[in-house]
Each structure stands twice: as structure tokens, then as C-alpha cells.
Amino acid sequence: MIRLILFLLTLLCFSTVSFAELRPPSDGTNAPSSSFPSTVNGYQPKWWKEAIVYQVYPRSFKDSNGDGIGDLKGITSKLDYIQGLGVNVIWLSPHYDSPNADNGYDIRNYRKVMAEFGTMADFDELLAGVKQRHMKLILDLVVNHTSDEHAWFVESRKSKDNPYRDYYIWRPAKDGNVPNNWTSFFSGSAWKLDPTTGEYYLHLFAEKQPDLNWDNPKVRNEVYDLMKFWLDKGVDGFRMDVIPFISKREGLPDLPPEAMAKPQYFYAMGPHLHEYLREMNKEALSKYDVMTVGEAFGVTLEQTPTLVDERRDQLNMIFNFDAVRLNRDGDRWRDWTLPELKAIYTQENQALDVHSWNTVFLSNHDNPRVVSAFGNDSPQYRVASAKALATMLLTLKGTPFIYQGDELGMTNYPFTSIDQFDDIAVKNAWKAMVVTNQVPADAFLAEMRKTSRDNARTPMQWDKSPNAGFTTAARPWLAVNPNYLAINAKQELSNKGSIYHYFRDMADVRRSSLAFVYGDYQDLDPANPKIFAYTRVNGAEKYLVVLNFSTDAVTYQLPDGIKAGQLVISNLGGTNETGDTLHLKGWEARVYKL
Ligand code: NOJ
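Numbered per our numbering, the sequence shown spans residues -11 to 582.
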């Protein structure tokens, strides 16, 4: 017995460099592993740092009752599919009761399931199914605003002396007009005049999404209570919607002219943000072992550690938008370059020390499809580039977040008419720009084909049956991409060379070594316009990743005397090429052990 204890103590002492050897091989359960108290390459090991997260947008995932809308039972029926991908955390986009002005990001009742998605019993069944498979579930916490149909707002708008008045941000007119020049992210002013009391309320998003007044302690306590309601059910954390906007600037000053193009940087990081997040931790989060990730639209890299440094008790990590929005200038598409993308990853790594943690993502329900935006969705390169992107997402430093359908290489939708869109952002922008003759319809649609959020929201493509097996209804809520006959899960599951299976293999690669999680990151060739080559190093464990981000065949001379060693994985089949010169085909991706 004493010898056993001594042996265990020795293991603990020597686990600072790596405890990869001690970890069980991937057994298909996807169980998050770390629980050792020591550091790895300077980092505190945490399950959420080692996780691979899969985002489910319930409306578009799987319809179980034939109403054309995805639902919770549909997700439960596909848990084996999700688990088979090698991910271990599911982020569920909002599933709460909502009138759906913004597809659930406008919540009417935080303790009720959206009728279209099912019942609380369905939620409990989903959570149990996730737990049975040793996975975890995080929810979307949308508390910068509610729906205007939430009971708090229904009361708030009734009169100026209603007890709920101060739950929201009301202001009288200024010189007969809106209280300030703030703009909504969904076009137009961020203020709406409410006839009952003759005052304006603030809505940074749609008119039906009034902003909560976080300076009111009653609001904050309501939020902590609703968080505990879900945490007590056993959920494992939250993705926090536009959380840096909750604290508004003192006196609500006008947007200065230079802030107009990107108002998110003006709205974010208000004076009490840190205080409120610390309070949220104290009152709710600290009582549970959870993951938190803030949607940090409007947060700069320099500000990031103030939110995620573990010694500050605020958030575990945030989504930084620099990479995913590299293809945007304001809201408009711009062509991006590989050196720009690499520079962002280097800057992120430099901005965060061992006390802060990052996320890695290039897609979600608010952005176009990853293979269309960052890869090449032509028939010739779609599969290779989707696999190359998966290789990158699963070998960079930070917790990877994968959006549903990206594991199949689903692409943008070929929109040709405004009637094909559902998104309120698109419809409002159409009214503001096209109906007013400021932008021609064709130009607007061409732009939306590249940037619209609906590109990511078309239903999951399960098989070749009508509507891709997403629903038995004649019409799903949003049309299925016509390419579903060629791109669907059934086809990919039966084809060992598919993106789905490659993704699974890459997830195993990531899990096989803590170097991919905690290891140092080094970009070997920042200026190269076609090749992204980097190392991940944790003590003696060293890996080299080489990605060809072009359609050209490239003869690549590895810099710094580095020589490719043993091939771990490649997206275009095996190769026995080693040494310092590699011959890469278009969109080829390789991972080597050095
Ligand atoms: C960010 C969400 O991701 C997006 O879908 C939503 O429209 C806004 N926040 C408002 O909640």
C-alpha cells in the first residue's frame, strides 16, 4: 500500500511536463480527462481547456415531430452522431420560450422550453443522454436583453412608476428626438418610442429585444437565479451572448463619429462589467464546476486578459472576433490573406499568458460556412479544404468550437431572392438599403450570399431523402441547401474518407497529446502567403503542422532547420515524405511528430 502511495506521489511530481502517457486512450466515451492538480507547461489543467465543443443550433438540427422546425428530441436522437465525432461538449443555442424575433435570442421566459423545441421533459432527456455519453452541455445565456414579450418588459412598459420600470433602460426624448445617436446592430436607431409612457427604450439589437438595466441589482439577482435554475439541473456552463455590453457607459453619451463604423467597441467593456462578472461568479458560477465563454464582440485583444485571467474570477474564455471577421470590413465582405490570419493567431498567443485561455473558431450561427469563407467550396477542393481547416482548428492553442454541419463540409446557400432569407438582420438591412434605393438589389444579394447568417442556419443535411432527412414536413422553416444529395451525413458516415471521419481522427490526434492543448505555439513562416506552418511544443513532445491554404502544388522548404519526422495524419492520404522539403498538393494538410 505504502509503495502504491509513493508511486502515485511520484507520478504527480513528474506530471508537470506532460501526463499524456497517463491518460486513457480514446475509448469512444469522449470523457474529459484532466483532474490532476499540477500544471502542464505552466497551465492549470482544466476539463474545459481540453474540451472540443460542438455547437447545435436547435432550429436547424433535426426535426422529430414534422413541423419543419428542429427540436430537442431531434437532438437527442442524434447524440450518437455527435459523440461519434469525438467532441465532448455541446453548446446549445437558445432553447428557451421565445417569440423568435431573433430565433431564440429574444427570450420570453428563461425557465421554459420553446414550444416548437419541446418540453422541459425533453430537455431533461437530452441532458441525461449527454451525461450518459460522458459529454457535457452548455447553454446560451442571453441576458443583455430579453424579448419585449418577457413578463418583466410587459410590466416595465405599463407606467413610469411600475416596479419593473427600472429593469430596462428608459429615457425621455431629447429635443423631440431619440435620446442619443446609438445605432442598433439590426439597422436604424437603438431607441424605440413606446406610446404608453411616451419614453424611449434602448435596444442594441431588434426592437423586440429591449436591453436590460444591469445597474439595477434586482435584475442582476434575477439573472443569477435563472443561472442557478439551469446549473442545478446539471448543465455544465454557459456561452454568454454579447456579455461585454451589459454595463452601459455612464450618462449614455453619443457615439463619436469615429466609433460609428464599429459601435461594438464603444458599447462593450462598460464601467461596471468586471464588477458584475465577479458578482456573477460569487453568486452563481463559483458554486459549480462549469465552463464559461463570453461572446466578446467589441473586446480588443489588449482587454481580453482583464476578462479571462483566472486570478480575476470572471470568465474562463471569450470568443475574440478578429479571425472569424477577418473577411469583413464593418459588415461588408473583404478578401483576406493568410499572413493576416496567421498574425491574428500570433497576436492572440502573445496577448495571453498561462493565466488566460483562448478559444479557436471560424464559424457559428452568425457567420457564413467555414469552408465557403475560409476554405474553398468548389467541388474540387471542398473536401480537402474542409479537412485542412479542421486540422488547423484542432491543433491551434485554445478550446476549439465547431459549428454543426462543418463536419460535413456544408457550404453557403445560393441565395437569389430576399424571400429566401429569414434573418431579421438581413430583412432590416434590405429595408434600410435596398427599399430606400441606396444599394441595388443585386449588389445586396451578392453581398448576402457571402456574409449572411442564414448561410449557417439552413437545416442539417442528414441524408438524400426529401429535405435532407431534416424534417418530414413539406417545407422546413428555412430551405435546405440544394447540394444535400451530394453532401449529407449518411453518405459521410459510410465513407471512411469523408470529412466527418477525418474530423473524428483529428479529434483523436488532439486528445493523444497535451502538446496540442497546452503546448507552446510558434508560427514558423508568418509572411508565407500560401503555407501555414507551426509547431506545438510541450517539453519533449513536439508537433509540426503544415497546411497549404492554396489550390497550388507547393514545394515547401521548412525553415529554421526543422525536419518533418513521423507523419501523424494527413488529409490527402499517407506520404512517407520526411526531411526539410515537402511537396504539398493544393489544400494539403499534414501533422508530424518531431
Ligand atoms: C449574438 C448572437 O450570437 C446573435 O445570433 C444574436 O442575434 C445577437 N447576439 C443578439 O442576441
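All C-beta atoms in this analysis are idealised placements derived from N, C-alpha and C, irrespective of residue type, glycine included.
Around the C-beta of residue i, are 16 or more other C-beta atoms found within 10 angstroms, so that it is buried, or is it exposed?
| i | result |
| --- | --- |
| V423 | exposed |
| N564 | exposed |
| C1 | With a pLDDT of 33 at C1, under the threshold of 50, the predicted position of this residue should be treated as unreliable, though the coordinate-derived value follows. Answer is exposed; the Cβ neighbour count stays below 16. |
| D94 | buried |
| P245 | exposed |
| N209 | exposed |
| Q43 | buried |
| R357 | buried |
| R99 | exposed |
| F217 | exposed |
| R320 | exposed |
| M145 | The sequence given here places Arg at residue 145; Met does not occur at that position. Classification for R145: buried. |
| A103 | exposed |
| Q368 | exposed |
| L590 | With the chain covering -11 to 582 only, the question about residue 590 has no answer from this structure. |
| R463 | exposed |
| S121 | Note on residue identity: the sequence assigns Arg, not Ser, to residue 121. It counts as buried. |
| L350 | buried |
| G574 | buried |
| Q586 | Because the chain is modelled from -11 through 582, residue 586 falls outside the range shown and cannot be assessed. |
| K484 | exposed |
| T134 | buried |
| G30 | exposed |
| A434 | exposed |
| E576 | buried |
| P205 | exposed |
| P167 | buried |
| P447 | buried |
For ligand 1, is there any heavy atom lying closer than 7 Å to the beta carbon of residue i?
| i | result |
| --- | --- |
| V458 | According to the sequence as given, residue 458 is Phe; it is not Val. Not so, every heavy atom of ligand 1 lies at least 7 Å from the Cβ. |
Determine the closest residue to residue i out of the options, with distance taken between C-alpha atoms.
| i | options | result |
| --- | --- | --- |
| P514 | D493, F307, V427, V534 | V534 |
| R299 | N315, G282, N269 | N269 |
| E187 | S172, D163, D451 | D163 |
| R313 | E113, L555, T439, K37 | T439 |
| G363 | W345, T292, T399, T460 | T399 |
| G457 | F105, N476, P367 | N476 |
| Y506 | Y84, Y212, K385, A431 | K385 |
| P454 | R441, N443, N469, T292 | N469 |
| R499 | Q449, A521, T379 | T379 |
| P85 | Y69, A139, N471, W202 | It should be pointed out that residue 85 corresponds to Asp in this sequence rather than to Pro. If we check each option's Cα against that of D85, A139 comes out closest. |
| K530 | L555, N536, T280 | L555 |
| K551 | L532, D203, A461 | L532 |
| V130 | K484, T404, I234, L546 | I234 |
| S561 | A376, V41, W158 | Before going further, note that residue 561 is Gly rather than Ser in the sequence given. Among A376, V41, W158, the Cα nearest to that of G561 belongs to A376. |
| P33 | D55, T387, N201, Q426 | T387 |
| N337 | N204, T292, E395 | T292 |
| Y45 | L473, N355, L570 | N355 |
| G239 | H133, W158, F49, S52 | W158 |
| N443 | L114, M421, A420, D410 | D410 |
| L289 | I78, I57, W345, D451 | W345 |
| L570 | N308, V579, N559, V542 | V542 |
| F491 | T459, S172, T383 | T383 |
| S366 | A429, V287, N471, H353 | N471 |
| D199 | N53, A461, N132, T459 | N132 |
Return the bridge partner residues of residue i from the DSSP annotation.
| i | result |
| --- | --- |
| T569 | Q545 |
| K581 | Y531, Q554 |
| S177 | T171 |
| D85 | N97 |
| A521 | V534 |
| N76 | According to DSSP, which records beta bridges pairwise, N76 is partnered with nothing at all. |
| D51 | Answer is none; D51 lacks a bridge partner. |
| H133 | D199 |
| F285 | Bridge partners of F285: none, in fact. |
| D182 | E187 |
| F254 | Answer by DSSP bridge pairing: none, since F254 is not bridged. |
Is any heavy atom of ligand 3 found at a distance shorter than 7 Å from the C-beta of residue i?
| i | result |
| --- | --- |
| Y509 | As for ligand 3, it is missing from this structure, which binds only ligand 1. |
Within 5 Å of ligand 1: residues by beta-carbon to any heavy atom: D90, Y93, F193, D229, V230, D354
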